[in-house]
Amino acid sequence: MAKEKSLYLKRNDGRKFDEVRPITAKVGIVPSADGSASFETGGTKAIAVVRGPRTLHPQHKQDPRTGILRVSYGMMPFSVTDRIRPGPNRRSEEISKVSEWALNSVVDLSEFPNTVVDVFIQIPQADAGTRVAGINAAAIALAHAGIPMKEMVSAIGVGKIDKTLVVDLDKYEDSDFHDGEGSTDIPVVITSRTKKIALLQLDGKISVPELKEAIELAKKTCEEILKVQMKALKEANRSEGKKK
Amino acid sequence: MLKDYRFSRKETMSKDTRQMVIPGEVIIKGNEYLPGEGAYRDGEEVVAGRYGIANIVEKHVRVIPVSGAYYPRRGNTIIGTIADITFNGWLIDFGGAQNAFLPVAEVPRYINRNELREFLDFGEAVVVKVWDVKSRGIDASMKMRGFGKIEGGMIINVNPYKVPRIIGKEGSMVKMIKDATGCDITVGQNGKVWISGKSIDKEVATKEIVEFIVDNSTIAGLTEEVEKFIKKKGLSFNKVEIIEENTDEDKE
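Next comes the structure, spelled out in C-alpha cells:
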C-alpha cells in the first residue's frame, strides 16, 4: 500500500517541521524569590518562581525522610483571547501534578526533611505548549534556587498534524487543525544527562512506529532547549557583574 | 624528596578551576577525583549536583552555590527571631529551611527554666552562632562575645550571597561603615544585618550604604566606590556631630 500524502505539507507560520519557535530564557526575574526564571517560545510565555526549602505546614503533610516538591501551574486570566476564570480548574490541577512528577524525577530533597519546595508556574501569554514552557522555566528556576538536582530537564511538545510529524506545535496546529487525521499533541520531558523520559502525555491518535519517531524528534529538540537553559543560567551571574 | 613533593603539589594547585556549572553537567573526568559538596560521581565522571561555581582543589571537586535560599554552616553568625519556646530552649526562625534550636544551657547567664519568656519572648531578635548542623536540626549557641539578644536599632534583609562583600577583607568594609556613621553593625551570614546607632538618621544612612554595597557588589574597586558614596552621603549627616557624639561616649 502506497503511503498516502499528508494534508499538512507546509507549516502555518512557515517554519520547518522540526524547527522550534524562537526561544528566550531569563534567570532571576523575581528578586525576592529564592529562584526564578522565564521561558518563552514564540507566543507562549511562562514564568516560574521557586520558594524554599521551608517548613511544610500543615505538619501532617511533612515527610521525615525527605523534602517535598509542590508545583502549582496556572494560566493568567488574560493569557488567551477569551478570558480564563482565575483559580484552579481540572486542567490546571492536572498540569500541576504532571509537572511535579516530571521535576521530581531529578530533584533530590533528602537533605531537607520535613520541608517543602514550592514551584509556582504562571502563563502570562499562551500559544500552545504551555506545560512544556512551564516545565522548562521551572527547571531553570529550581537550578537557580540552588536545589540539589541530579540533572536538568528540558521539555518540548511534538505532534502529528494529519500524517506529518512536527515539533513545537502552536495554537493553530494544536487545536484548530481538523482535516484528515487531525492533530495529535505529545508533550515530552527529557532529562539532560541520562536522556530518560520524565514525562510523556498524548492527546490524539498515533501509531507505535510514529510515536517512537516522535520521541526521537523530541530528544533531538530537547538538546537545543537545554542549550538555551544552560546559556541563561551561566550568563545570569555574568550580567549581574556588568551592572553598574 | 620533600622538595619534589611540594613541587608536585604546586603543580596540581595551579590547575584550580572556577567555572559555572548547571545540574547534570560533567565537571571533570577521572577516577582520581573526589566528589564533594554539590557534586556526585557517575562512572568515570564527576557531575554537578547543583547550580554554582565548580571548584577543584587538588583532587577535591565541589560546587559552590551562588544563589538560592541560605543554608547554615557550622560557625556562622545568624540573626533571627524567636519562633517557639520549648521546655528547655528556644526555636529561632532565621529564614532557613528549618528553625535553629537554642538550648538554655547555651545561654551565658542564669535562666529560670519555668520562665524562659522572661529572657527571650516570642518575636524577639537574637544574634547567635551556629553550633552544629545536622540533618535533623540546627543547634545554636550564645556563649561567646558579641552574641545575645537584640535591643534597639533595625534589622535589614540582604542577599545572603553578598554578605562577604559587606564584611570585606577581614572586616574592613564593616569597619569603614562603622567609622563613617558611628553605628554598630552586626552582619548575619543568613543575610540579616542589624544596625544600631544613636539616631534614626544615622541608621538609615548606614542601611543605604549597606544596600549600595549589595547592589554594586560585583564592580571593580568596590571599596573606593563605597568611600565615594559615603562622602556623598556625608553631606546629609554632619561630621562635627559625630565627633561630638564620640566625646559624649567618652564622658560616659
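Residue numbers (my numbering), protein chains in the order written: chain L, 150 to 393; chain Y, 851 to 1102.
Glycine included, each C-beta is placed from N, C-alpha and C at the ideal position.
With 16 other Cβ atoms within 10 Å as the buried cut-off, status of E875 of chain Y
buried
Buried or exposed by the 16-neighbour rule on C-beta atoms within 10 Å, applied to L158 of chain L
exposed
Closer than 6 Å by C-beta to S181 of chain L: which residues in its own chain qualify, once you throw out the five before and the five after it? Chain order, please.
none
Grouping DSSP H, G and I as helix and E and B as strand, with all else coil, what is F188 of chain L?
strand
If you draw a straight line from the alpha carbon of E1077 of chain Y to that of T927 of chain Y, how long is it in whole angstroms?
26 Å
Contact set for K885 of chain Y: own chain, Cβ-Cβ below 7 Å, skip 5 residues either direction:
Here the sequence assigns Pro to residue 885 of chain Y, which means Lys is not the residue at that position. Contacts found: R891, V896 and V911.
For a contact defined as C-beta to C-beta under 8 Å, what are the partners of H293 of chain L on chain Y?
Y901, S917 and G918
Around the Cβ of M298 of chain L, are there at least 16 other Cβ atoms within 10 angstroms (buried) or fewer (exposed)?
buried
Length of the line joining the Cα atoms of E1058 of chain Y and T1068 of chain Y
17 Å
E895 of chain Y bridges to which residues according to DSSP?
Y:K879 and Y:D892
What are the boundary residues of the beta strand (DSSP E) that includes H293 of chain L?
No beta strand (DSSP E) contains H293 of chain L, which is instead part of the alpha helix (DSSP H) from T279 to H293.
Closest residue to E965 of chain Y among Y:R868, Y:I935 and Y:I1016 (Cα-Cα distance)
Y:I935
Apart from the five residues just before and just after G329 of chain L, which ones in its own chain have a Cβ nearer than 8 Å to its Cβ?
S155, L156, Y157, D311 and K312
With a 10 Å radius around its C-beta and 16 neighbouring C-beta atoms as the bar for buried, classify K354 of chain L as buried or exposed.
exposed
Is A933 of chain Y close to chain L? Criterion is C-beta to C-beta, closer than 7 Å.
no
At a CB-CB cut-off below 9 Å, which residues of chain Y make contact with T370 of chain L?
Residues of chain Y passing the Cβ test: none, with the nearest at roughly 18 Å.
Just checking: is the beta-carbon of R203 of chain L within a distance shorter than 7 Å of some beta-carbon in chain Y?
yes
Nearest-angstrom Cβ-Cβ length linking A292 of chain L and I872 of chain Y, presumed shorter than 8 Å:
6 Å
Using alpha carbons as the reference points, say which of L:L205, L:A347 and L:R342 lies closest to I877 of chain Y.
L:R342
Does DSSP put N905 of chain Y in a helix, a strand or coil?
strand
Shortest alpha-carbon distance to G1032 of chain Y belongs to which of Y:I1045, Y:N1040 and Y:E1020?
Y:I1045
For the putative contact between D352 of chain L and D334 of chain L, defined by C-beta atoms under 8 Å, what is the C-beta separation to the nearest angstrom?
5 Å
For F937 of chain Y: DSSP bridge partner residues
Answer is none; F937 of chain Y lacks a bridge partner.
Could you say which of L:G201, L:R214, L:V229 and L:L218 lies nearest to Y921 of chain Y if we only look at CA atoms?
L:G201
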